[in-house]
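The structure appears below as structure tokens.
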Amino acid sequence: MEFGTIEREIHIDASPEVVFDVVSRPEHLREWWPDEAEFRAEPGGAGRIGFGDPAQGRTWVQVVVVDAVPPRLFSFRWTHEEGESAAAGNSLLVVFELEPAGTGTRLRMTESGFRERGWDEAKVAAEYAEHAASWEFYLPRLSAYAARLGAGA
Amino acid sequence: MSVVVDDDLWSAVGDPTRRRMLDLLLSQGSGTATSLSEHLPVTRQAVAKHLVVLDRVGLVHATIAGREKHFRVDQSQLARAVAQLADVGAAWDSRLRRIKRIAETIQLAKDTNYETGNKH
């Protein structure tokens with residue numbers, strides 16, 4: 694592992710078009726990561742993602758879309774301060790690269806910037822992850838979501 | 059799955075000046091507050107304070123030689139800090155598993171709708 698970069702690759706039995714939607718659209722992001730997501734899924738689309746129960750004060754984190762080339766590439770920067778323009782050194786960069794593989798998709802994810810951005814952000818990222826890491830929390834949401842899809846919603 | 063992060067260790071390496079100090083100590087083998095401050099835009103006193111923080115979490119160890127303390131990086135403790143980045147990686151593993159599951163669910167729903175759609 695490159696010091697300061699996280700790299701992952703997985704195969705998904707779904708078309709690159711479907712996978713692209715899941716990794717890029719705010720309504721899908723909410724199902725696999727933050728509790729709330731507000732941004733335009735196009736280059737320069739700025740917005741925010743929220744973590745935590747709104748009753749106890751939701752934590753908002755800035756997001757800006759860097760590249761959106763359906764169905765091949767989607768990247769965004771996050772964790773920069775509100776009002777700052779996101780760049781190397783003040784934010785983490787997440788890149789999704791999609792490649793057709795058989796009837797499915799090979800999805801490659803890299804997150805970089807930990808070294809430049811500092812370790813505080815890695816810690817923050819891990820804390821956010823914790824909200825989402827539990828299947829006990831996610832399974833009910835996911836089954837409801839799947840049921841809606843099954844109903845043709 | 060929970061991600062356990064050592065707060066003190068993280069905040070010790072979270073500061074840019076302290077990271078720069080660790081880099082300098084790694085490249086030079088060892089250093090003193092005075093020698094480090096020569097490479098940094100901060101005073102010797104500030105460097106000494108940062109060294110106290112690094113020493114407290116075990117990232118550096120001091121030996122007295124002459125009139126000054128000489129500091130070295132504790133490689134195994136630094137490795138621990140790096141390993142915590144792996145926890146962030148584990149968080150991505152969970153996110154990617156969910157991405158996979160959602161995408162495959164949608165694909166299945168699409169394929170099914172397409173098949174039943176033909177019958178209408």
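Chains A and B are the protein sequences, given in the same order. My numbering numbers the first residue of the first sequence as 694 and each following residue consecutively. My numbering numbers the first residue of the second sequence as 59 and each following residue consecutively. Glycine included, C-beta positions come from ideal geometry on N, C-alpha and C. Please read these numbers as outputs of a predicted model, since none were measured by experiment.
Check	Outcome
I need the straight-line Cα distance from T121 (chain B) to V110 (chain B), nearest angstrom please.	13 Å
Using 8 Å as the Cβ pair cut-off and three pairs as the minimum, do the stretch 721 to 733 of chain A and the stretch 742 to 762 of chain A touch?	yes
Round the Cβ separation of A161 (chain B) and V788 (chain A) to the nearest angstrom and send it over; I've been treating them as touching at under 8 Å.	Actually they do not touch by this definition, with Cβ atoms about 17 Å apart.
List, in chain order, every chain B residue whose beta-carbon is nearer than 7 Å to that of I855 (chain A).	The structure shown does not extend to residue 855 (chain A), since chain A is modelled only from 694 to 846, so the question has no answer here.
Specify the secondary structure class of P793 (chain A) as computed by DSSP and reduced to three states.	strand
Could you have a look at V669 (chain A) and say whether DSSP puts it in helix, strand or coil?	Lying outside 694 to 846, the shown extent of chain A, residue 669 (chain A) is not represented and no answer is given.
Just to confirm, is the Cβ distance from I705 (chain A) to L800 (chain A) under 8 Å?	yes
Quick one: list the residues of chain B neighbouring E804 (chain A), beta-carbon separation under 7 Å, in chain order.	W150
Is W771 (chain A) helix, strand or coil when you go by DSSP?	strand
So the candidates are A:G750, A:V762, A:G738; which of them puts its Cα closest to the Cα of P709 (chain A)?	A:V762
Where does E804 (chain A) land, buried or exposed, given buried means 16+ other C-beta within 10 angstroms?	buried
Work out the CA separation of E96 (chain B) and A137 (chain B) for me, nearest whole Å.	27 Å
Against chain B, with Cβ distances strictly below 8 Å, would E724 (chain A) count as a contact?	yes
For A167 (chain B), which three-state DSSP category applies?	helix
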